[in-house]
Every structure is written in C-alpha cells, then in structure tokens.
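Colleague:
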Amino acid sequence: MQHSSRYEVNTLRRFMEQAFTACGVSEADGQIVVDNLLYAELRGIKSHGVSRFPVYLRRIQMGAVNPQPQISMEQRTPVLLKVDGDNGLGSVVMVHALNRGMELAEQLGICAVGIKGSNHCGASGYYCELAAEQGLVSIVLTDGPPATPPWGGREAYFGTNPMAFGLPRAQKPHIIVDLATSLAARGKVIRAAAQGEKIPEGWALDREGLPTTDPQAALAGVLLPMAGAKGYALSLVVEHLAGVLVGAGFGKDVAWQYSEGNKPANVGHFIILVKADAFMEMSDYHKRTEQFVEEIKKIPLAPGTKEIKLPGERSWEQQQCTEAQGISLDADLQAALQTIAQELTINLG
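Residues in the sequence shown are numbered consecutively from 1, following full-length UniProt numbering.
1. Say yes only if the C-beta of GLN318 is nearer than 7 angstroms to one or more non-hydrogen atoms of the ligand PLP, and no if none qualify.
2. When burial is assigned at 16 or more other CB atoms within 10 Å of the CB, is THR160 buried or exposed?
3. Do you know how far the Cα of ALA324 is from the Cα of TYR7?
4. Who are ALA147's beta bridge partners in DSSP?
5. According to DSSP, GLY159 sits in a beta bridge with which residue or residues?
6. Just the C-alpha distance for GLY63 and GLY349, rounded to the nearest angstrom, thanks.
7. With distances taken Cα to Cα, identify the nearest neighbour of GLY249 among SER259, ALA233, GLY268 and TRP256.
8. Count the other C-beta atoms from every protein chain shown that fall within 10 angstroms of the C-beta of ARG207, then say buried if there are 16 or more, exposed otherwise.
9. Buried or exposed: GLU41, going by 16 or more other Cβ atoms within 10 Å of its Cβ?
10. Mapping the DSSP letters down to three states, classify ARG154 as helix, strand or coil.
11. Does the distance from the C-beta atom of LEU329 to that of VAL92 stay below 8 angstroms?
12. Would you say the region 14-33 touches the region 303-319, given that touching needs at least three Cβ pairs under 8 angstroms?
13. What first and last residue would you give for the alpha helix (DSSP H) that runs through ALA70?
14. Mapping the DSSP letters down to three states, classify PHE20 as helix, strand or coil.
15. DSSP state of SER47, grouped into three classes?
16. For ASP330, name the three-state secondary structure that DSSP assigns.
17. Starting from ILE115, trace the beta strand (DSSP E) in both directions and tell me its first and last residue.
18. Could you tell me which of CYS128, ASN119, THR339 and PRO78 sits nearest to GLN107, measuring between CA atoms?
19. Out of curiosity, what's the CA-to-CA distance linking GLU197 and ASP332?
20. Suppose the cutoff is 7 angstroms on Cβ atoms and the five residues either side in sequence are ignored; what does the same chain contact list for ASP253 look like?
21. Are there three or more Cβ pairs, one per stretch, closer than 8 angstroms when the region 118-136 is compared with the region 88-104?
22. According to DSSP, is SER124 part of a helix, a strand, or is it coil?
23. Can you check which of these residues, SER26, ALA131 and MET226, is closest to PRO69 by C-alpha distance?
24. DSSP three-state call for ALA278: helix, strand or coil?
25. May I ask you to list the residues that DSSP assigns as paired with ALA164?
26. Which two residues bound the contiguous beta strand (DSSP E) that contains LEU80?
27. Taking the C-alpha atoms as reference points, what is the distance between PRO173 and GLU313?
28. Taking a contact to mean a Cβ-Cβ separation below 8 angstroms, would you say THR148 touches VAL244 in this structure?
29. When DSSP labels each residue in this structure, what does ARG59 get in the three-state scheme?
30. Just to confirm my understanding: we take CYS23, look at its own chain, exclude 5 residues before and 5 after, and list those with CB closer than 8 angstroms. What are they?
31. What span of residues does the alpha helix (DSSP H) with SER315 cover, start to end?
32. Assuming ILE346 and ALA19 are in contact, meaning their beta carbons sit under 8 angstroms apart, how far apart are those beta carbons, in whole angstroms?
Listed below in structure tokens is the structure:
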C-alpha cells in the first residue's frame, strides 16, 4: 500500500498556481485550472483532481498546449456562440466560453455554445456548478480521444464522452449529474494502473477483445460503454454534438494527452444553458424544484438504504469533509509534485 500524506487545500492551490505561472500561464487562467482540479479533488473525484496537474503541466512544457491562447468567439445568431479555444488549457477555454454563454442566456433565456480547439477540461460538473450558481440549467457534453468501441466492435473510436447536467436549487447543494458514457471514466483506470490495482470485471476488453481486470491491458484495449448498446448510442450522440457539429476533432482525430506527444488534442465541447425562470417566475421554479426533491427523498427506502441521495449530493458532502481534513495524496503523486517543485524552484510546502 502506498504511503499517503495530507496537504492543506490552500497549500496545494498556491503551489499549482505558481507552477502554471512559471510555465507561462496567466495568473487568472492558472486560478481557473487549479479551481477545477480542486473542485474534483475535494469532492472525491480523484481521477480528475490533482493527479491531472502534472500531465497538464507537461503538455504545456512540451508545446502540446498553448499557455496563452487567443480564444475567439463568434456570435453566429443571438443564441448561438461559436468558440475556438486556440489549443488552450481545457478548463480555461471552457470557463471563458461559459461566461460569455451565461451572459447571452441571461439576456435571451437560452444559449448554445459550440467549442473547438480545446483540451481535457477536468470534471464537467464544475461548469454545471458555475452555471447553477447563476440560476441557469445546464448541459455540458465533451468528446475525447478514442476509448470505447461502437457496439459489437473491439477497436476504440469514441471517447469516454462525459455528459454533465446542472439543475439549480435555491440553496446548495445544486443537483449535479456528471458521468462518462463509458462504464467507468478512463481516469479511474489510469489511477488504478498507477496504484497497481485491478479494475472491476466488465469495465474493459484487452487488445484481443477479451475481458480484462488489468488496467494496463484495458488502456491498450477498450473501455466498455455503460448500459451496453444504449451507452454506445449516447456516446455516439455526444461525439457528434461535441465533435462533428462544432468543428472539433472526433474519433481518431482527438489526441490522447498521455501518449501522443505534442499533437494538439482538438477536444470539443457543446454547452446548452437555459434560465431557470425561462418558463415561470424564479420563485415558482424553486418551489417546484424543492417539491420535486422532497417527493424523491420521501420514497420508501429499499432494505439496507439509510437515505435517498440526489445526484452530486454525496460529492458535495465529501467536499465539506475534505476541506476540513485536507487533501490526501499518494506517494507517487507526491513524488511527481516534488519533481515539479525542484524543476521550477518553487516550494510545495
């Protein structure tokens, strides 16, 4: 078992922000990326948390990601925004696009945002959380490098293609749904490989199309879609909307950040934003939403269940706990951060 240590949230925040600045990222953009990584880490989504930081940094250092992108936006119609991220860090591109999309949705009730020229953007639920804070319902779709096959195939074509949905409430936690269309996020498989652990049966096939619990064999093979053929259908739709439709890479045109050198990823995203009071007064929306929540939570419990939780509720509770106790990092990740600290002559703390 790997030895782990705990770090204060602000210690890690400061270190990562300094590292990004040292690699040419602006202070404001560095804060965006770190906020996204810590959002995931605090909520127990460790596959998309601090473990992604060294990879993001290396991609900048090797010229695969633009640390100072000139993000361009074209308002194609009053409610359609086209964004080119100029190969910037994914969360930077997403937040800039989201902010403009939210402005348009506030003015006009709805906005759709198509984004190309992006990179891995971390936990998609983060963007839904930002939108919910502004009273906006959101849908966030993202494509990615090949990881899952079409149903019946044994070669990867689709990304894990996460879908995220945000439903604002008057008080936190908002309802946040964030899931990959693969049975498991690739980040979980990468994390299992790094820690020398097996993955559950049914997650993946090896190169020969045979079931495997070896994460390395899974990464060389394919991850399986959630819900069988239904998951394949959902993944196809996400790949089309976040790739084909918006002008981004799709299928094998999307590069994987762990193995394809300095090739730009050209990840795509598709965002839909709707004002929560688009169809009624905000007070009525909140009243109906809370009625909805109360009715769900009052459903009789199945044996062994203590409480019905809303999507994202456990993660929100985990955040409160982690903020108080600090963030636990395993030995390998600590070593990676120490190496970065030495290279950039900054203090990890």
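Glycine residues also receive a C-beta, built at the ideal position from the N, C-alpha and C atoms.
Modeller: Taking the coordinates as given:
1. This structure does not include the ligand PLP; it has no bound ligands of any sort.
2. That one is buried.
3. Those two C-alpha atoms are separated by around 11 angstroms.
4. DSSP lists no bridge partner for ALA147.
5. Its beta-bridge partners do not exist; DSSP assigns none.
6. Near 28 angstroms, if we compare the C-alpha coordinates of GLY349 and GLY63.
7. Ranked by Cα distance from GLY249, the first of SER259, ALA233, GLY268 and TRP256 is GLY268.
8. In this structure ARG207 is exposed. Its beta-carbon is surrounded by fewer than 16 other beta-carbon atoms within 10 angstroms.
9. GLU41 should be labelled buried.
10. Collapsing the DSSP output to three states places ARG154 in coil.
11. Going by C-beta atoms, LEU329 is not nearer than 8 angstroms to VAL92.
12. Taking 8 angstroms as the limit for Cβ pairs, the verdict is that the region 303-319 does not touch the region 14-33.
13. Checking the sequence, you will find Gln at residue 70 rather than Ala. Taken as a continuous stretch (DSSP letters only), GLN70 belongs to no alpha helix (DSSP H), as it is neither H nor E.
14. The answer is helix: DSSP assigns PHE20 an H, G or I state.
15. Under the three-state reduction of DSSP, SER47 is assigned to helix.
16. Here ASP330 sits in strand by DSSP.
17. Unbroken beta strand (DSSP E) run through ILE115: 110-118.
18. The shortest Cα separation from GLN107 among CYS128, ASN119, THR339 and PRO78 belongs to PRO78.
19. Cα-Cα distance, rounded: 14 angstroms.
20. Around ASP253: ASN266.
21. With a cut-off of 8 angstroms on Cβ pairs, the region 118-136 is in contact with the region 88-104, counting three or more such pairs.
22. Coil, per DSSP.
23. Nearest to PRO69 by C-alpha distance, out of SER26, ALA131 and MET226, is SER26.
24. Coil.
25. Partner residues in the beta bridge of ALA164, as assigned by DSSP, are VAL140 and ASP178.
26. Unbroken beta strand (DSSP E) run through LEU80: 80-84.
27. One Cα belongs to PRO173, the other to GLU313, and the distance between them is close to 6 angstroms.
28. No. Outside cutoff.
29. Here ARG59 sits in helix by DSSP.
30. These residues qualify, in order along the chain: LEU57, ILE60, GLN61, PRO67 and LEU344.
31. For SER315, the uninterrupted alpha helix (DSSP H) run begins and ends at 313-325, by DSSP.
32. A Cβ-Cβ separation of about 6 angstroms places ILE346 in contact with ALA19 under the 8 angstroms criterion.
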